[in-house]
Every structure is written in structure tokens, then in C-alpha cells.
Amino acid sequence: MKASAAVVLFLLTLPSLLLAQESEVKEMDKKEGRVTGIGGIFFKSDNPKEINEWYYKNLGLAPNDYGSIFEFRESDSQNKIYLQWSPFSKSTNYFEPSEKEFMINYRVVNIEALVEQLKENGVTVLDSIESYDYGKFVHIMDPEGNKIELWEPVDKVFENMYDGKTTK
167 MKASAAVVLF LLTLPSLLLA QESEVKEMDK KEGRVTGIGG IFFKSDNPKE
217 INEWYYKNLG LAPNDYGSIF EFRESDSQNK IYLQWSPFSK STNYFEPSEK
267 EFMINYRVVN IEALVEQLKE NGVTVLDSIE SYDYGKFVHI MDPEGNKIEL
317 WEPVDKVFEN MYDGKTTK
């Protein structure tokens with residue numbers, strides 16, 4: 167009986183504990199830069215336009231000039247967030263200095279603080295932070311030679327760029 171009461175008490179307090187932990191994480195987000203999810207998947211293709219059409223026809227990916235955007239929501243709000251799927255020409259130099267056929271874009275918060283942390287950790291930062299209406303970007307290299315794109319998005323602006331044409 168005592169064990170059952172303890173379990174019930176734990177289950178009743180669990181939501182409060184989780185909310186407190188979530189609040190701590192959100193507060194940390196404001197101070198420290200970190201990855202919050204995947205923002206894009208980019209890969210080389212012999213014919214980006216043709217492969218984009220194939221994915222639309224066969225898998226239903228809503229096309230745009232750069233590939234397709236996947237729309238989803240943050241777990242704790244009604245805010246929409248996006249993931250860009252993009253085939254690039256085989257001849258692109260966008261993934262350089264990596265010799266890999268792909269690049270992953272990670273969504274981040276506080277890109278400036280994150281770049282400083284990465285530099286302190288000895289990570290190769292390839293360029294300066296660039297700002298656009300739809301967010302800030304910077305590129306780094308991982309220890310295995312993969313180029314990584316970091317993106318601090320402005321999702322509302324990004325959403326308006328594609329008139330709601332997303333893969334849901």
C-alpha cells in the first residue's frame with residue numbers, strides 16, 4: 167500500500183518536475199547557444215530539378231526552387247518550424263571544403279554564443295555569421311570532415327517566402 171501511495175504521489179508531482187526542468191532548459195537557451203533540431207538536409211544530385219520532380223511525383227514532397235520544406239510544430243507551442251530538403255548540383259562547391267556528398271543544417275539558438283563556444287572547443291569555424299531576413303548562418307567542420315551549416319531561423323519570414331507550400 168505504501169508503494170502505491172508513493173507511485174501516485176510521484177505521478178502527481180511529475181508534471182511539475184517536468185515543467186520546472188523545461189523552464190530551466192528554456193532559460194538556458196537564452197544564455198547559451200545550442201542545437202535545437204535539424205534545419206535542413208542537403209545532398210548532391212546529377213539533376214536537382216529532375217530529382218525534385220521525382221520526389222514530388224512519387225513521395226509527395228511539395229516542391230520549391232530549392233527542394234521541399236517540411237512543416238511541423240514545436241512541442242510546446244503552436245509555432246511552425248521548418249526543415250529544408252534540397253538536392254544540389256553534383257558540381258556545387260557549397261559543401262567545400264568537405265569532400266562528402268551531403269551537408270546537414272542544424273537549427274540553433276543564440277548562434278553568436280554557440281560560435282564562441284565552438285571556437286573555445288577548437289572547432290573549425292569556416293566563415294563569419296551571415297544574416298538574412300530569414301535567419302543567421304555559419305559553417306563549421308566536424309572531426310570527420312563533414313561540413314555543417316548552423317542556422318538561427320526566423321521561421322515567420324521563412325514561411326512567407328514559400329506561400330505556404332510545404333510538405334506536411
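Quick note on the working numbering: the sequence shown kicks off at 167 and runs consecutively.
Backbone N, C-alpha and C define an ideal beta-carbon position, used for all residues, glycine too.
All values reported here derive from a predicted model rather than from experimental measurement.
As DSSP reads the structure, residue 201 sits in a beta bridge with 274.
Taking the C-beta atoms as reference points, residue 276 is found no nearer than 8 angstroms to residue 205.
One thing to note: residue 266 has its Cβ within 8 angstroms of the Cβ of residue 311. Sixteen is the threshold: when 16 or more other Cβ atoms of the shown chains lie within 10 Å of the Cβ of residue 199, as they do, the residue is buried. The stretch 282-292 makes no contact with the stretch 234-245: fewer than 3 CB pairs, one atom from each, lie closer than 8 angstroms. Around the CB of residue 296, fewer than 16 other CB atoms lie within 10 Å, so the residue is classed as exposed.
Between the beta-carbon of residue 253 and that of residue 211 there is about 4 angstroms, and that keeps the pair under the 8 angstroms contact cut. Runs of beta strand (DSSP E) with 3 or more residues, each lying fully within the stretch 213-257, are found at 233-239 and 246-255, listed in chain order. Taking each of 314, 249 and 239 in turn and checking the Cα distance to residue 293, the smallest one comes out for 314.
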